[in-house]
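Visitor: This is the structure I have questions about; it appears just below.
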Amino acid sequence: DAGVTQSPTHLIKTRGQQVTLRCSPKSGHDTVSWYQQALGQGPQFIFQYYEEEERQRGNFPDRFSGHQYPNYSSELNVNALLLGDSALYLCASSPWDSDYYGYTFGSGTRLTVV
Amino acid sequence: QKEVEQNSGPLSVPEGAIASLNCTYSDRVSQSFFWYRQYSGKSPELIMSIYSNGDKEDGRFTAQLNKASQYVSLLIRDSQPSDSATYLCAVLLSNDYKLSFGAGTTVTVRA
């Protein structure tokens with residue numbers, strides 16, 4: 002049973018560019034959340050997708066956008082990259098009753114903006 | 204006030220000792236609490252979940268929850284060098300869909 006898969010694992014981009022990160026949730030999970038984790042900090046919530054809609058959004062600018070497909074996979078898009086966007090981007094999936102099962106994380110995408 | 208706060212650490216313990224990690228949360232009505240372990244350069248891994256007041260044990264790990272004090276803790280008994288990692292406290296706040304994380308406590312187990 003595949004867990005949460007993310008691609009790519011590492012990415013180097015230049016300031017001002019755009020990037021797309023991809024996530025396939027764990028089998029049986031229908032909800033995908035994206036987090037940004039800077040070095041030495043806890044994961045910060047970007048947004049959550051459920052039934053192909055953005056259900057909740059954290060305190061991130063609208064340069065950060067996303068999408069969920071009918072097969073529950075998801076993308077995170079970041080436009081006009083800033084140096085401060087350099088971080089580990091984590092995708093987490095959960096079933097509808099995540100109150101009890103928590104989130105399962107993918108291995109993450111390490112984004113470096115130069 | 205932050206939604207989830209953890210003792211900042213780092214915490215250094217000798218092999219075989221008990222490591223004690225603390226977490227407080229702001230939402231009195233929160234119902235679900237989780238501890239994740241994150242090795243350096245890796246993603247978080249769920250190690251414990253707790254929903255009711257009291258203790259929950261799983262192997263060498265014990266989670267403790269006190270909703271009246273809005274406090275959740277994690278004890279690691281017989282600490283091993285392989286327990287050296289950052290431990291993240293996460294809370295599912297009431298009327299919220301997202302899992303909120305603390306900043307993490309880094310634990311180093313000295314051989």
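Top to bottom, those sequences are chains G and X. The opening position of the first sequence corresponds to residue 2 in this note's numbering, with each subsequent residue numbered one higher. The opening position of the second sequence corresponds to residue 204 in this note's numbering, with each subsequent residue numbered one higher. By construction, the Cβ of each residue, glycine as well, lies at the ideal position given by its N, Cα and C atoms.
Do residue 82 of chain G and residue 38 of chain G have their CB atoms nearer than 7 Å?
Guide: Here residue 82 of chain G is taken as the residue at index 81 of the first sequence, counted from 1. Here residue 38 of chain G is taken as the residue at index 37 of the first sequence, counted from 1. Result no, Cβ atoms of residue 82 of chain G and residue 38 of chain G do not sit closer than 7 Å.
Visitor: Under the rule that 16 or more other beta-carbon atoms within 10 Å means buried, what is residue 227 of chain X, buried or exposed?
Guide: Taking the second sequence and counting its residues from 1, one reaches residue 227 of chain X at position 24. It is buried - the Cβ of residue 227 of chain X has at least 16 other Cβ atoms within 10 Å.
Visitor: From what residue to what residue does the beta strand (DSSP E) around residue 15 of chain G run?
Guide: To locate residue 15 of chain G, count along the first sequence from 1; it is residue 14. Premise fails: residue 15 of chain G is in no beta strand (DSSP E) and is neither H nor E.
Visitor: For a contact meaning CB atoms closer than 7 Å, what does residue 91 of chain G contact in chain X?
Guide: One-based indexing of the first sequence puts residue 91 of chain G at position 90. 246, listed in chain order.
Visitor: In angstroms, rounded to a whole number, what distance separates the CA positions of residue 94 of chain G and residue 303 of chain X?
Guide: To locate residue 94 of chain G, count along the first sequence from 1; it is residue 93. To locate residue 303 of chain X, count along the second sequence from 1; it is residue 100. Cα-Cα distance, rounded: 14 Å.
Visitor: Are the C-beta atoms of residue 44 of chain G and some chain X residue less than 7 Å apart?
Guide: Here residue 44 of chain G refers to the residue found at position 43 when the first sequence is read from its first residue. It does: the Cβ of residue 44 of chain G has a partner Cβ on chain X nearer than 7 Å.
Visitor: So which of X:225, X:235, X:214 has the shortest CA-CA distance to residue 298 of chain X?
Guide: The sequence position of residue 298 of chain X within the second sequence is 95, counting from 1. Checked all of X:225, X:235, X:214; the closest Cα to residue 298 of chain X is X:235.
Visitor: Use the C-beta contact count for residue 281 of chain X: other C-beta atoms within 10 angstroms, 16 or more gives buried, fewer gives exposed.
Guide: Here residue 281 of chain X corresponds to residue number 78 of the second sequence, with the count starting at 1. The residue is exposed, with fewer than 16 neighbouring Cβ atoms inside 10 Å.
Visitor: Are the C-beta of residue 237 of chain X and some C-beta of chain G separated by less than 7 Å?
Guide: Indexing the second sequence from 1 puts residue 237 of chain X at position 34. Chain G contact via Cβ: present.
Visitor: Could you give the residue range of the beta strand (DSSP E) that holds residue 46 of chain G?
Guide: Residue mapping note: residue 46 of chain G aligns to position 45 of the first sequence, counting from 1. That run of the beta strand (DSSP E) goes 45 to 51.
Visitor: List the residues of chain X that residue 103 of chain G touches, going by C-beta distances under 9 Å, in chain order.
Guide: By one-based count along the first sequence, residue 103 of chain G stands at place 102. Neighbours of residue 103 of chain G on chain X, chain order: 235, 237, 239, 249, 252, 293, 295, 302.
Visitor: Which stretch, first to last residue, makes up the beta strand (DSSP E) that contains residue 35 of chain G?
Guide: Here residue 35 of chain G is taken as the residue at index 34 of the first sequence, counted from 1. Taken as a continuous stretch (DSSP letters only), the beta strand (DSSP E) holding residue 35 of chain G covers 32 to 38.
Visitor: Does the Cβ of residue 231 of chain X have 16 or more other Cβ atoms within 10 Å, making it buried, or fewer, making it exposed?
Guide: The residue you call residue 231 of chain X lines up with position 28 of the second sequence. Classification of residue 231 of chain X: exposed, given that the 10 Å Cβ count is below 16.
Visitor: Would the region 55 to 75 of chain G count as touching the region 96 to 114 of chain G if we require 3 or more Cβ pairs under 8 Å?
Guide: Touching, no.
Visitor: In chain order, what residues of the region 16 to 34 of chain G put their CB closer than 9 Å to some CB of chain X?
Guide: Listed by position, the residues of the region 16 to 34 of chain G near chain X (Cβ gap below 9 Å) are 32, 34.
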